[in-house]
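>
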Amino acid sequence: MPGPPAKTGRGRALVVSRNHAAAEAGAAILRAGGNAFDAAVAAGFVEAVISPNNCGIGGYGAAGTGFLAKAGKLVSLDADAVAPAAAKPDLFPTIPTPDPNSYKLPDDRHRKGPLSVAVPGVLGGLLMMLETWGRLPRQAVMAPAIRWAREGVTLTAGQAATWFAMRAEAEGRAAPTRPAGPTRVAMPLLADTLEAIAAEGAEVFYAGRIGRAIADHLQKIGGILTREDMAAYQARIVEPVAIEFRGRRLATTPPPSGGLTSLQIIALIDRLDRNGRAGTLGHPERFEAFLETLKVVWEDRLTTLADPQAMERPPASYLSAEHLDRLFERVQAGLDHPGPGRVVAPDPLRGTVHLAAADAEGNLVAWTQTHGGGFGSGVMVPGTEIVLGHGMCRFEPRPGWPNSVGPGKRPLHNMAPLLVIQNGRAALAAGASGGRTIINNVAAIVLATLLDGRDAAGALEAPRLQCETIEPAIVERSAGAECLAALRRRHRITEANRDAGVAHLILQGIDGWSAAAEPRADGAGVVMA
Numbered sequence: 331m332p333g334p335p336a337k338t339g340r341g342r343a344l345v346v347s348r349n350h351a352a353a354e355a356g357a358a359i360l361r362a363g364g365n366a367f368d369a370a371v372a373a374g375f376v377e378a379v380i381s382p383n384n385c386g387i388g389g390y391g392a393a394g395t396g397f398l399a400k401a402g403k404l405v406s407l408d409a410d411a412v413a414p415a416a417a418k419p420d421l422f423p424t425i426p427t428p429d430p431n432s433y434k435l436p437d438d439r440h441r442k443g444p445l446s447v448a449v450p451g452v453l454g455g456l457l458m459m460l461e462t463w464g465r466l467p468r469q470a471v472m473a474p475a476i477r478w479a480r481e482g483v484t485l486t487a488g489q490a491a492t493w494f495a496m497r498a499e500a501e502g503r504a505a506p507t508r509p510a511g512p513t514r515v516a517m518p519l520l521a522d523t524l525e526a527i528a529a530e531g532a533e534v535f536y537a538g539r540i541g542r543a544i545a546d547h548l549q550k551i552g553g554i555l556t557r558e559d560m561a562a563y564q565a566r567i568v569e570p571v572a573i574e575f576r577g578r579r580l581a582t583t584p585p586p587s588g589g590l591t592s593l594q595i596i597a598l599i600d601r602l603d604r605n606g607r608a609g610t611l612g613h614p615e616r617f618e619a620f621l622e623t624l625k626v627v628w629e630d631r632l633t634t635l636a637d638p639q640a641m642e643r644p645p646a647s648y649l650s651a652e653h654l655d656r657l658f659e660r661v662q663a664g665l666d667h668p669g670p671g672r673v674v675a676p677d678p679l680r681g682t683v684h685l686a687a688a689d690a691e692g693n694l695v696a697w698t699q700t701h702g703g704g705f706g707s708g709v710m711v712p713g714t715e716i717v718l719g720h721g722m723c724r725f726e727p728r729p730g731w732p733n734s735v736g737p738g739k740r741p742l743h744n745m746a747p748l749l750v751i752q753n754g755r756a757a758l759a760a761g762a763s764g765g766r767t768i769i770n771n772v773a774a775i776v777l778a779t780l781l782d783g784r785d786a787a788g789a790l791e792a793p794r795l796q797c798e799t800i801e802p803a804i805v806e807r808s809a810g811a812e813c814l815a816a817l818r819r820r821h822r823i824t825e826a827n828r829d830a831g832v833a834h835l836i837l838q839g840i841d842g843w844s845a846a847a848e849p850r851a852d853g854a855g856v857v858m859a
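Residue numbers (the numbering used here): 331 to 859.
(1) Judging by CA-CA distance, which residue of R656, S734 and R755 is the nearest neighbour of P283?
(2) Across which residues does DSSP place L694 in a beta bridge pair?
(3) Within the continuous alpha helix (DSSP H) that includes K442, where are the two ends?
(4) When the Cα atoms are used, what is the spatial distance from E848 to P506?
(5) Do K625 and A417 have their beta-carbon atoms positioned less than 9 Å apart in this structure?
(6) Would DSSP call M472 helix, strand or coil?
(7) Where do the N-terminal and C-terminal ends of the alpha helix (DSSP H) with G356 fall, by residue?
(8) Which residue's Cα is closest to the Cα of D603: T427, A336 and L777?
(9) Of the residues R794, I769 and K550, which one's Cα is nearest the Cα of T824?
(10) Assuming A686 and A759 form a contact by the criterion Cβ under 8 Å, report the distance between their Cβ atoms to the nearest whole angstrom.
(11) To test your reading of the DSSP string, which unbroken alpha helix (DSSP H) runs of 4 or more residues are found completely within the segment 362-392?
(12) Along the chain, which unbroken stretches of the alpha helix (DSSP H) at least 4 residues long are found entirely within the segment 605-645?
(13) Where does the unbroken alpha helix (DSSP H) through E791 begin, and where does it stop?
(14) Mind checking whether G552 and A516 have CB atoms under 9 Å apart?
(15) Would you mind stating whether S924 and R441 have Cβ atoms separated by less than 9 Å?
(16) Of the residues A562, I476 and L593, which one's Cα is nearest the Cα of I775?
(17) Using the beta-carbon count (16 or more within 10 Å), is P727 buried or exposed?
(18) List, from N- to C-terminal side, the alpha helix (DSSP H) runs of 4 residues or more that fit wholly inside the segment 774-826.
(19) Given A521, which residues of its chain have a CB within under 7 Å of its CB, disregarding the five upstream and five downstream residues?
(20) For the candidate residues A757, T799 and H834, whose alpha-carbon lies nearest to that of I840?
(21) Which two residues bound the contiguous beta strand (DSSP E) that contains R514?
(22) For G606, is the classification buried or exposed, using 16 other Cβ atoms within 10 angstroms of its Cβ as the cut-off for buried?
(23) In chain order, what residues of the same chain lie with their CB nearer than 6 Å to the CB of I554, ignoring the 5 residues before and after it?
(24) Going by beta carbon distance, what residues of the same chain come within less than 6 Å of R579, once the five residues before and after it are set aside?
(25) For A495, which residues of its own chain have a beta-carbon under 7 Å away from its beta-carbon, when the five flanking residues on both sides are left out?
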């Protein structure tokens with residue numbers, strides 16, 4: 331049975347985001363003379379206020395890929411978290427399990443509380459994007475977010491209860507009673523914090539009084555992040571990693587982001603298709619090809635990728651013909667003789683916000699930002715209403731792995747903002763939220779568009795499959811009973827009413843841009859400028 335239709339829009343300039351209000355803020359900036367990068371930053375700041383469970387200015391990381399139409403240039407921005415200088419590989423001791431490839435943790439200190447906090451990158455990334463490629467002043471671009479914080483946002487009862495509990499803990503008082511239902515929550519201290527950043531820039535957040543407040547509070551409650559760690563942070567403009575796909579160039583942010591793995595999936599499905607083994611979108615053969623590809627690339631990812639400074643080879647080499655040949659052999663072997671796969675590194679956390687913006691000049695940007703899991707570390711900084719993300723939980727807790735904890739390292743994460751360039755023009759922007767489903771869903775919707783000819787809405791509405799290194803795979807019931815039965819004959823699968831991921835897509839057409847927002851998520855929206 332098909333799911334709900336995607337939210338769609340078409341125009342010469344537009345914004346798509348997890349929340350309609352953020353897309354509207356970005357579109358208003360476009361109408362005021364801003365470009366796609368200004369719009370993305372405005373939408374990102376609004377999401378950082380109205381979606382505090384998923385992201386915030388204290389969120390651990392962000393990643394973006396953009397196209398500068400006038401220069402004809404692809405750009406990427408890495409705003410990942412950075413581990414404190416005092417972080418050591420054995421920071422989070424593990425407990426062995428009967429499966430030598432797995433582990434348990436004795437508590438949740440790696441994802442909740444002061445030790446889970448790395449230097450947050452979201453704020454630095456948003457302001458670097460604005461100052462490098464935008465053209466409007468900070469005050470104008472941040473004004474919608476400040477207004478939302480000052481006037482208040484509506485949170486679910488659970489979200490509001492968590493927010494009030496964090497604020498009470500920061501203020502040293504007892505948490506109030508849980509609200510009975512959705513609640514309007516004003517955030518005056520966050521509004522003041524945003525106003526200070528709008529006036530003074532990233533300096534006040536990292537090296538100034540806000541950064542000192544963050545570090546001092548974490549030290550007070552048992553953390554290891556210092557003022558020096560905060561002051562040293564810098565988001566980075568980096569060279570995208572890319573592949574060629576049937577006359578198009580597909581590009582994304584390099585590791586530690588997840589986009590390289592999305593590109594591997596796309597490249598391997600392309601090879602299977604050329605060998606007659608990829609099947610058709612929505613049919614059992616395609617699901618099986620996708621499943622076996624996921625098991626191979628996720629093992630490759632979790633055992634080899636990390637902060638590039640900790641990797642054995644340059645990131646681009648993992649997209650080379652030689653490396654893809656080796657992966658392709660394993661995918662074909664899996665199709666010939668299916669096996670369950672194996673556990674490599676569990677990761678149950680899901681969160682994040684993705685957005686994208688396109689303007690009439692041909693500029694296009696895909697941007698993803700995150701706390702990690704819900705409300706990140708759960709730590710709110712007194713006097714600021716900044717909630718801190720939990721970047722440290724994105725490291726492999728076992729020493730000796732490329733992505734193990736280390737001083738000054740950036741953790742491997744799942745964000746995968748991806749652009750497609752064709753004939754010298756931006757043709758597509760894709761991205762998603764939802765933990766590890768991000769990587770799979772970005773690959774799936776790009777393939778649905780480029781390989782199967784779906785429009786933006788059709789690509790998002792297609793039934794999805796999720797798996798990492800080991801079955802069971804999770805398949806949406808919308809795939810249909812016949813397809814599910816065929817998959818069960820060769821694989822372990824679990825049915826789901828709907829996928830947990832939230833993806834968005836922008837396509838370039840003859841008469842402008844068309845976009846679609848995730849049909850499975852309430853509140854997602856496309857707004858034309």
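We put the beta carbon where it would ideally sit given N, CA and C, even for glycine.
Let me spell this out:
(1) This structure gives no information on residue 283, because the portion of the chain shown stretches from 331 to 859.
(2) Numbered from its first residue, the sequence shown carries residue 694 at position 364. Per DSSP, F397 and A688.
(3) Looking up residue 442 in the sequence shown gives position 112. No alpha helix (DSSP H) holds K442; DSSP gives it neither H nor E.
(4) Here residue 848 refers to the residue found at position 518 of the sequence shown. Here residue 506 refers to the residue found at position 176 of the sequence shown. In a straight line, the C-alpha of E848 is about 35 Å away from that of P506.
(5) Locating residue 417 in the sequence shown gives position 87, counting from the first residue. Locating residue 625 in the sequence shown gives position 295, counting from the first residue. Going by C-beta atoms, A417 is not nearer than 9 Å to K625.
(6) The residue labelled residue 472 in the question sits at position 142 within the sequence shown. Helix.
(7) On the sequence shown, residue 356 is found 26 positions in, with the first residue counted as 1. Run containing G356: H350 to R361, per the alpha helix (DSSP H) assignment.
(8) The count along the sequence shown starts at 1 and reaches residue 603 at position 273. Closest by alpha carbon: L777.
(9) Taking the sequence shown and counting its residues from 1, one reaches residue 824 at position 494. Out of R794, I769 and K550, R794 has the C-alpha closest to the C-alpha of T824.
(10) For the purposes of this step, residue 686 is taken as the residue at position 356 of the sequence shown. For the purposes of this step, residue 759 is taken as the residue at position 429 of the sequence shown. The pair is a contact, with the Cβ atoms about 4 Å apart (cut-off 8 Å).
(11) Correct list: 366-380.
(12) Annotation: the segment 605-645 contains the following complete segments of the alpha helix (DSSP H) (minimum length 4 residues), in chain order: 614-634.
(13) Residue mapping note: residue 791 aligns to position 461 of the sequence shown, counting from 1. Where E791 is concerned, the enclosing alpha helix (DSSP H) stretches over A786 to E791.
(14) Counted from its first residue, the sequence shown places residue 552 at position 222. Counted from its first residue, the sequence shown places residue 516 at position 186. Taking 9 Å as the Cβ cut-off, G552 and A516 do not qualify as a contacting pair.
(15) Because the chain spans 331 through 859 in this model, residue 924 falls outside it and cannot be assessed.
(16) For the purposes of this step, residue 775 is taken as residue 445 along the sequence shown, with counting starting at 1. Considering only alpha carbons, the answer is L593.
(17) Counting from one through the sequence shown, the residue named residue 727 turns up at place 397. Per the 10 Å Cβ criterion, buried.
(18) 786-791 and 811-818
(19) Start at 1 with the first residue of the sequence shown, and residue 521 comes out as number 191. Excluding positions up to five away in sequence, the list reads I476, A479 and R480.
(20) As a position in the sequence shown, residue 840 is number 510, starting the count at 1. That would be A757, whose Cα lies nearest to the Cα of I840.
(21) The count along the sequence shown starts at 1 and reaches residue 514 at position 184. Segment T513 to V515, the beta strand (DSSP E) holding R514.
(22) Here residue 606 is taken as the residue at index 276 of the sequence shown, counted from 1. With fewer than 16 other Cβ atoms within 10 Å, it is exposed.
(23) Along the sequence shown, read from residue 1 onward, the residue named residue 554 stands at position 224. In the same chain as I554, and ignoring 5 residues on each side of it, the C-beta atoms closer than 6 Å to its own belong to P414 and A416, in chain order.
(24) Taking the sequence shown and counting its residues from 1, one reaches residue 579 at position 249. These residues qualify, in order along the chain: A572 and I751.
(25) What you label residue 495 is simply residue 165 of the sequence shown in a count that begins at 1. Closer than 7 Å at Cβ, skipping near neighbours: A505.
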